[in-house]
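Before any comments, here is the structure.
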Amino acid sequence: NSDKSWGHAVSRDLVHWEELPVAIYPDENGGAWSGSTLVDEKNAAGFQTGAGPALLLFYTSTGRSAMNPKAAEPADFVQRMAYSNDRGRTWTKVGGRPLLRNVTPLNRDPMVFWHEPSKRWVMVLYVGYPISNPGNHYTAQIFNSENLKDWTYQSRIEGFFDGPVLFELPLDGNAADTRWIIHCANMKYKVGRFDGKTFTPETELIDAHKGSTGESAYAAQIFHNTPNARPVQ
1147 NSDKSWGHAV SRDLVHWEEL PVAIYPDENG GAWSGSTLVD EKNAAGFQTG AGPALLLFYT
1207 STGRSAMNPK AAEPADFVQR MAYSNDRGRT WTKVGGRPLL RNVTPLNRDP MVFWHEPSKR
1267 WVMVLYVGYP ISNPGNHYTA QIFNSENLKD WTYQSRIEGF FDGPVLFELP LDGNAADTRW
1327 IIHCANMKYK VGRFDGKTFT PETELIDAHK GSTGESAYAA QIFHNTPNAR PVQ
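In my numbering, the protein residues as written are 1147 to 1379.
See below:
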């Protein structure tokens, strides 16, 4: 379970996909668990070497792997980054200190995006409170950064488990009136407003799974910045 890797596939239409070699393998810092990827068009992290922008990959490093078969420790889970200057065909991990040290046991799944109204980078991270084992208190925490390397805690959103995803949609199709949606891996979500630092819910927790058949999806991700600006899940 600790030796998870990042698979890799490419597409021109988000429907038909070609599988490529594995992008990120476990290493001495542990397995490579879930996270997110973005195009650093502003070169905020400073990794771009060619004409095109670098791709940045944010993931949870678990501490334990086949390359580091020590006993697992509660503080092992930290957030790390890798970058690519060849459209994601090869990746270089950023060594040294992690982007975020352990907050609580098993904190994981960094989702990173640019929030244009507040001109800041945002990270949404699953962080159990006070500890993140099943049966304890679940939260998603919000962090901000200017350079994608140094992150500052801003707020937390109650009641969200792993794989938190935060994105904006037009309300009833009206592009002039938008709301933000946060959902976690089990697809339970809240609707509200987001100012770059704090999510203010306007609904209670909504369960996207209808009926009694159990979970119909798990840990779905969002593609942003498509040509027509439509988020694709």
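Beta carbons are placed, not taken as given, at the ideal position from N, Cα and C, and that holds for glycine.
Judging by CA-CA distance, which residue of the options is the nearest neighbour of residue i?
i	options	result
E1304	V1270, T1298, D1341	V1270
T1372	Y1171, N1175, E1174, V1185	V1185
D1341	P1251, P1263, R1302, H1329	P1263
I1327	L1252, L1166, A1286	A1286
H1283	F1307, Q1194, Y1229	F1307
K1239	T1206, K1216, K1265	T1206
Would you grab the beta carbon distance between residue i and residue j for me? Rounded to a whole angstrom, and I think it's under 8 angstroms.
i	j	result
R1254	W1179	5 angstroms
M1257	P1310	6 angstroms
N1175	R1226	7 angstroms
V1273	P1244	With 8 angstroms as the limit, V1273 and P1244 do not qualify as a contact, their Cβ atoms being about 14 angstroms apart.
L1160	T1183	Actually they do not touch by this definition, with Cβ atoms about 14 angstroms apart.
M1144	A1363	Summary: the structure shown does not reach residue 1144, with the chain confined to residues 1147 through 1379, and so no result is reported for it.
Applying the criterion that 16 or more other CB atoms from any shown protein chain within 10 Å of the CB defines a buried residue, is residue i buried or exposed?
i	result
I1352	exposed
G1209	buried
A1228	buried
D1222	buried
T1195	exposed
Do residue i and residue j have their C-beta atoms within less than 7 angstroms of each other?
i	j	result
S1211	G1177	yes
A1155	W1163	yes
T1298	E1314	no
V1337	E1350	no
A1365	A1322	no
L1294	W1260	no
S1157	L1201	no
S1301	T1344	yes
P1172	D1149	yes
What three-state label does DSSP hand residue i in the structure shown?
i	result
D1222	helix
H1355	coil
M1333	coil
K1239	strand
G1153	strand
I1303	strand
F1193	coil
Below 6 angstroms, is the gap between the Cβ of residue i and the nearest heavy atom of the ligand COA?
i	result
K1334	For the ligand COA, the structure offers nothing, since it holds no ligand at all.
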